[in-house]
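Below is one structure, written out as structure tokens, with a few remarks after it.
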Amino acid sequence: MSEGMSGARAESVIKSIIGAVARECAVRGRAAPDALVAFMVKAVVLDPRNGFNVDRTLTKQDIQKLEGLCLDKLMEECSPSLETIKMQVYFDMNYTSRREFLEEIHRVGGSRLSAVSREITDSRVKTRDELHALYRKIITYIQLRSGMGSPTDDGAVQEAAAALQSVFPQAELGAFMVLLKRDKEQQLNELCMLVTGIRLFNKAGRSADLSELMPAVLTEALPVTAQSVEKALNASQTRAWKYTAVLERLTERVAPPAGRDALVVLLKQALYNVRQHEAFLKMLLSDACVCAEHVEMLQAELSSHLELLRETVQSKTAVPTAKVFPLFKSTSKLWLRLQDEAELLNVLYSITLNMQPFVASQAHIFSEAYLDVLLEACEVKTDEQRMAASSVERVVPAEMPTQEWLLPETTAGFSELPLQYNAVCGHALVSRDGLLLPGNPHIGVLSHEGKLYAFSSKEAALKFASSPGAFVAEVAEKAKQRPELIRLLKLHQQFSCVGPEILPAETPPVKPATQCESGTQMDVHPAGAGLVRAYEWNEWALRRRAIQLADIRTKVTHSAQTDLSHMRRDGATQTWPPKDAACQSKRDGESGAPKPQVYLSGLRGQRDGRVVRTDLTRSVDE
Numbered sequence: 002m003s004e005g006m007s008g009a010r011a012e013s014v015i016k017s018i019i020g021a022v023a024r025e026c027a028v029r030g031r032a033a034p035d036a037l038v039a040f041m042v043k044a045v046v047l048d049p050r051n052g053f054n055v056d057r058t059l060t061k062q063d064i065q066k067l068e069g070l071c072l073d074k075l076m077e078e079c080s081p082s083l084e085t086i087k088m089q090v091y092f093d094m095n096y097t098s099r100r101e102f103l104e105e106i107h108r109v110g111g112s113r114l115s116a117v118s119r120e121i122t123d124s125r126v127k128t129r130d131e132l133h134a135l136y137r138k139i140i141t142y143i144q145l146r147s148g149m150g151s152p153t154d155d156g157a158v159q160e161a162a163a164a165l166q167s168v169f170p171q172a173e174l175g176a177f178m179v180l181l182k183r184d185k186e187q188q189l190n191e192l193c194m195l196v197t198g199i200r201l202f203n204k205a206g207r208s209a210d211l212s213e214l215m216p217a218v219l220t221e222a223l224p225v226t227a228q229s230v231e232k233a234l235n236a237s238q239t240r241a242w243k244y245t246a247v248l249e250r251l252t253e254r255v256a257p258p259a260g261r262d263a264l265v266v267l268l269k270q271a272l273y274n275v276r277q278h279e280a281f282l283k284m285l286l287s288d289a290c291v292c293a294e295h296v297e298m299l300q301a302e303l304s305s306h307l308e309l310l311r312e313t314v315q316s317k318t319a320v321p322t323a324k325v326f327p328l329f330k331s332t333s334k335l336w337l338r339l340q341d342e343a344e345l346l347n348v349l350y351s352i353t354l355n356m357q358p359f360v361a362s363q364a365h366i367f368s369e370a371y372l373d374v375l376l377e378a379c380e381v382k383t384d385e386q387r388m389a390a391s392s393v394e395r396v397v398p399a400e401m402p403t404q405e406w407l408l409p410e411t412t413a414g415f416s417e418l419p420l421q422y423n424a425v426c427g428h429a430l431v432s433r434d435g436l437l438l439p440g441n442p443h444i445g446v447l448s449h450e451g452k453l454y455a456f457s458s459k460e461a462a463l464k465f466a467s468s469p470g471a472f473v474a475e476v477a478e479k480a481k482q483r484p485e486l487i488r489l490l491k492l493h494q495q496f497s498c499v500g501p502e503i504l505p506a507e508t509p510p511v512k513p514a515t516q517c518e519s520g521t522q523m524d525v526h527p528a529g530a531g532l533v534r535a536y537e538w539n540e541w542a543l544r545r546r547a548i549q550l551a552d553i554r555t556k557v558t559h560s561a562q563t564d565l566s567h568m569r570r571d572g573a574t575q576t577w578p579p580k581d582a583a584c585q586s587k588r589d590g591e592s593g594a595p596k597p598q599v600y601l602s603g604l605r606g607q608r609d610g611r612v613v614r615t616d617l618t619r620s621v622d623e
């Protein structure tokens, strides 16, 4: 807050001012949340017309003056400016990302069922009646978590009881009671998924159209949310177009006609109000469209799972639980995800309804009849008509080469560029004293100091580009005097000291990629790569290589020509003819021993003859 005041002391002073203003608002019968009071306190300090100097310590008189100005702002009756700030505070406190919405839905659902789950897991039954009561509590828990009928609906309770009996008979409660609490909770959740899957399968068997299995809350929430958001969006857009047409006529001159100053101020506040409402509704409508896409995808998956279940169970007397239970669980998960989409749609619908009172003040000040009188013969143009009319003339970058221009045909992702001032023309905002005219990116987008600006006409683009720094400073001054513009134009970084409690951090801008014809030339291998191609880090690969080399040493190297390799080069082999060789071996020898000779006579020719054996072997002595 000042150079002489420490950060902790300054924060303490601001908190005390916020508390005092909030209490005084409550005393006067108009409760104001701390976030709204904090934004108003910092906005009042930032407004140069109030005379506060942020570089010096606030005196007691400064604090009293600050509190009085904040109370006057917060106590204004039928003020579109105050209602716009309230709408911004409400939206930033209640709107978040889709992921965080679903996490909050799961947290609330878990806390709602925690009491019933605790009664089941902490129960200590002793009698048969208590056992029956515990079994009924399990059925009630399954009914509440699955969302398939109310626990007071006898038909739905009987269906759930029959499905539970098929997978968890009452006789198994004894085994359930001896489990640890963590195991009880896990089994309870598994039973819930199985019973839900079985009931969905039974309903699919009775229904010819699987689309009828949509949760009842989802079939009611989806069309109602989309229609209500679109209806409110169309009403705000129509009002914005009419306010713009009136203000264009009244601000054509340097100064508005005499006696019209207050009217112009109110018209601008009303324009800011409906433009902010329009911006928030577009975000809600986008989320509702995402929900519709998810619902369509989940419904198709649910139908395919049920068809698979039908094919698995059909005409079979018994099916293994290991095969059918996972299908029941996956079907139940899809059903619960559909219910999450229904809850998210209800949240979006609730935000849409709760924002409606914030646009009531401008509608009360400027009724349809009064607005038609102000319009007289003015031509009311829609934003699309303005875009089409202004797209005729486009910026030629050669006309102002000192600035960088982005055009659709030379910029990738042109439609997704993060435009400054929420795509509002900064030149019109300054030259028309706060008039909001939608910028047309197709005229040409100016890139200045890392930020992108769109304009309502070519003339506005060239004038802004001639002195962008001065225009940016003027826009900041306009926002200081009208604090609702800080959130509407997304000037979070420029006014980071205002409303950090409620203003979301601005995402860093994405630098656009410009497309053009270009070419480069580079040396081919200006330096040696220095890579060792034979290097191998894997020790198992080295082991395989070693085994191959060891195995190759025992093989004969040979070559052959094929149809693909012949006549490519001369092949030659070297051979060695066999050489003369001799060896010495043993030769036959004999000894001096006589050779035995025996003569037999009378072997043939005589029937009864005798065989005479005569030994003719010579004697050794001979």
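If you count the sequence shown from 1, you need to add 1 to reach this note's numbering.
Ideal placement from N, C-alpha and C gives every residue a C-beta, glycine not left out.
query = Would you say T332 and H295 are within 8 Å of each other, going by their C-beta atoms?
reply = Their beta carbons are not under 8 Å apart, which means T332 does not touch H295 by this criterion.
ask   = Leaving out five residues before and five after C193 in sequence, what residues of the same chain have Cβ atoms less than 8 Å from its Cβ?
value = Taken in chain order, the residues that qualify are Y142, I143, R146, S147, S333.
message = Quick check: what's the CA-CA separation for H456 versus S98?
response = What sits at residue 456 in the sequence shown is Phe, not His. In this structure, the straight-line span from the alpha carbon of F456 to that of S98 is close to 30 Å.
query = Do the CB positions of L272 and L248 come within less than 8 Å of each other?
reply = Yes, the pair counts as a contact, with Cβ atoms nearer than the cut-off.
ask   = How far does the alpha helix (DSSP H) with H624 in it reach, from first residue to last?
value = The requested residue 624 is not part of the displayed model; the chain covers only 2 to 623.
query = Under the rule that 16 or more other beta-carbon atoms within 10 Å means buried, what is P439, buried or exposed?
reply = A residue is called buried once 16 or more other Cβ atoms fall within 10 Å of its Cβ, and P439 is buried on that count.
DSSP beta-bridge partners of N628 = A query on residue 628 cannot be resolved here, the shown segment of the chain reaching from 2 to 623 and no further.
key: Between the CA atoms of E302 and L132 - distance to the nearest angstrom   = Answer to the nearest angstrom: the Cα atoms are 38 Å apart.
query = By how many angstroms is the C-alpha of H107 removed from the C-alpha of L339?
reply = In a straight line, the C-alpha of L339 is about 13 Å away from that of H107.
task = Decide if I487 is buried, meaning its Cβ has at least 16 other Cβ atoms within 10 Å, or exposed.
result = Buried: at least 16 other Cβ atoms inside 10 Å.
request  = Would you mind giving the Cβ-Cβ distance between V42 and L67, rounded to the nearest angstrom? I have them listed as a contact below 8 Å.
outcome  = So it is a contact: roughly 7 Å between Cβ atoms.
Proximity below 8 Å, CB of A157 to CB of M149 = The answer is yes: Cβ separation under 8 Å.
key: Selected residue, minimal CA-CA separation from A477, among E460, R433, G427, F465   = Checked all of E460, R433, G427, F465; the closest Cα to A477 is G427.
query = Taking the alpha-carbon positions, what's the R276 to P398 distance?
reply = The straight-line gap from Cα to Cα measures roughly 32 Å.
key: Residue environment, R605, which counts as buried when at least 16 other CB atoms sit within 10 Å   = Residue environment for R605: exposed (fewer than 16 other C-beta atoms within 10 angstroms of its C-beta).
request  = Please specify which runs of the alpha helix (DSSP H), each continuous and at least 4 residues long, are wholly inside the segment 94-150, giving them in chain order.
outcome  = Residue ranges of uninterrupted alpha helix (DSSP H) with 4 or more members, entirely inside the segment 94-150 and ordered along the chain, are 99-122, 129-147.
L550 versus F326 - alpha carbon distance = Rounded to whole angstroms, L550 to F326 spans 55 Å at the Cα level.
request  = Give the C-beta separation of T226 and L72 to the nearest angstrom, bearing in mind that I take them to be a contact with Cβ-Cβ under 8 Å.
outcome  = No, T226 and L72 are not in contact; Cβ-Cβ is about 38 Å, not under 8 Å.
query = If we count the other Cβ atoms within 10 Å of its Cβ and call it buried at 16 or more, is I553 buried or exposed?
reply = Residue environment analysis places I553 among the exposed positions, since fewer than 16 neighbouring C-beta atoms fall within 10 angstroms of its C-beta.
message = Can you tell me whether K16 is buried or exposed? The criterion is at least 16 other CB atoms within 10 Å of its CB, across all chains shown.
response = Classified as exposed, K16 has fewer than 16 neighbouring CB atoms from the shown chains inside 10 Å of its CB.
ask   = Which stretch, first to last residue, makes up the alpha helix (DSSP H) that contains T615?
value = Segment 613-616 is the beta strand (DSSP E) holding T615; no alpha helix (DSSP H) there.
key: Residue from N441, G414, Q404, F415 whose Cα sits closest to the Cα of Y422   = Selected option, being the one with the closest Cα: N441.
request  = Express the C-alpha separation of R10 and E120 in angstroms, rounding to a whole number.
outcome  = Each residue's Cα considered, the two are about 50 Å apart.
request  = Answer yes if the segment 177-197 comes into contact with the segment 373-387, meaning at least three C-beta pairs across the two stretches below 8 Å, and no otherwise.
outcome  = Contact between the segment 373-387 and the segment 177-197 is absent, because fewer than three Cβ pairs lie under 8 Å.
task = With a floor of 4 residues, list each alpha helix (DSSP H) that falls wholly inside the segment 146-180, ordered by position along the chain.
result = Runs found: 155-168, 174-178.
inquiry  = Given this structure, state the Cα-to-Cα distance separating S3 from T58, to the nearest angstrom.
reply    = Because S3 carries a pLDDT of 44, less than 50, the predicted location of this residue cannot be relied on, and the following value inherits that uncertainty. Straight-line Cα distance between these residues: approximately 5 Å.
task = Using three-state DSSP, classify T412 as helix, strand or coil.
result = Strand.
ask   = Using the beta-carbon count (16 or more within 10 Å), is Q65 buried or exposed?
value = Q65 should be labelled exposed.
task = Would you grab the beta carbon distance between E394 and K479 for me? Rounded to a whole angstrom, and I think it's under 8 Å.
result = At roughly 26 Å, the Cβ-Cβ gap does not stay under 8 Å, so E394 and K479 are not in contact.
message = DSSP has P406 in a bridge; who is on the other side?
response = Position check: residue 406 holds Trp in this sequence, whereas Pro was assumed. Paired residue(s): L447.
request  = Report the three-state DSSP secondary structure of P505 (helix, strand or coil).
outcome  = Any reading at P505 is ruled out, since the residue's pLDDT is 37, under 50, leaving its predicted position unreliable.
query = So is I548 buried or exposed if we call it buried at 16+ other beta carbons inside 10 Å?
reply = Under this definition I548 is an exposed residue.
inquiry  = Are the CB atoms of L181 and L234 within a distance shorter than 8 Å?
reply    = No; because the gap between Cβ atoms is not below 8 Å, this pair is not in contact.
key: Identity of the residues DSSP links to L420 by a beta bridge   = L453, per the DSSP bridge assignment.
Y600 - containing beta strand (DSSP E), residue span = Run containing Y600: 599-602, per the beta strand (DSSP E) assignment.
Residue from P469, S448, N347 whose Cα sits closest to the Cα of L408 = For the residues P469, S448, N347, the minimum Cα distance to L408 belongs to S448.
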